[in-house]
Every structure is written in C-alpha cells, then in structure tokens.
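Novice: 22 is the number of the first residue of the sequence shown in our numbering; add one for each residue after it.
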Amino acid sequence: MEIWINPACSKCRSALSLLDAEGAEYTVRRYLEEPPTAAELEGVLARLGLEPWEIARTGEAIAGELGMRTWAREEAERGRWIAALAEHPILIQRPIITADDGSAVVARTPEAVRSVLD
C-alpha cells in the first residue's frame, strides 16, 4: 500500500502512527515533493470512487487565487479540476491510501485508515 502525505499534516501523522501500530507495510509518498500526474490522479479518483472536486482543498490560498469555489462541478469541467490538482498538489486532500487490493481511501479518520487494512 502507498500513502500520500504532507509531513506537516496532523491527519497524515496520525494515519502513519496507526499504520505502524497495526504493523502495516506501506510506502510513503510525499506528494508535495513528488506530485502525482493527471493520469495518476485519474487512477486514484477511480479507485476512490470520487470526483476531483471531492478531494480538492478549496480553502487553500491557491484555490482562492484560481477561483475554484466558483468552478462548475460537472463532467465537462473534470479535466480542469484534475489539471489544477496536478499543477498545485497542495490542493489534494490528504492523506490518501491506495491499498494493494485496488481500493483507496481518503484516510482522515482512524476508521478510514483501518478500512484498508487486512
């Protein structure tokens, strides 16, 4: 499994602590340093069963500069959202865990983290 984290994020640190406590094997991806491509985001969104606007951190300063809160949340605008997330990875909700079984979860709660453990 892989977990996308921002080390400065308390939810990310909590998720890592829980994975460690459960003895889970995982790879850490510091997604701000190694941003996902648009294609990777498409894959993760498919695994999550979510749309890009559902994992966007619209409260971030760059989201305000881009005017994201006014962007349409519809299929025709999907590419625009994904491009923004790829270009500005700070906009991606965290942490995201992609499990070996093909599932994925936005792991902001202990329950969400546990949902991808065997």
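Beta carbons: idealized from backbone N, C-alpha and C, even for Gly.
Determine the direct distance from the alpha carbon of Q114 to that of G88, and round the result to whole angstroms.
Specialist: In a straight line, the C-alpha of G88 is about 17 Å away from that of Q114.
Novice: With C-beta atoms as the reference, is L53 less than 9 Å away from A84?
Specialist: Their beta carbons are not under 9 Å apart, which means L53 does not touch A84 by this criterion.
Novice: Is the separation between the beta-carbon of P28 and that of P110 shorter than 9 Å?
Specialist: Not closer than 9 Å, so no.
Novice: So for I117, helix, strand or coil by DSSP?
Specialist: Strand at I117.
Novice: At a cut of 8 Å, does the stretch 95-105 reach the stretch 63-82 through at least three beta carbon pairs?
Specialist: Yes: at least three Cβ pairs fall under 8 Å.
Novice: Over what stretch of residues does the beta strand (DSSP E) that includes A128 continue unbroken?
Specialist: Looking at the DSSP string, A128 is not in any beta strand (DSSP E), and its letter there is neither H nor E.
Novice: Can you name the start and end residues of the beta strand (DSSP E) that I26 belongs to?
Specialist: Note, I26: beta strand (DSSP E), 23-26.
Novice: Return the residue from the list G80, A45, A82 that minimises the CA-CA distance to M22.
Specialist: Ranking the options by Cα distance to M22, first place goes to A45.
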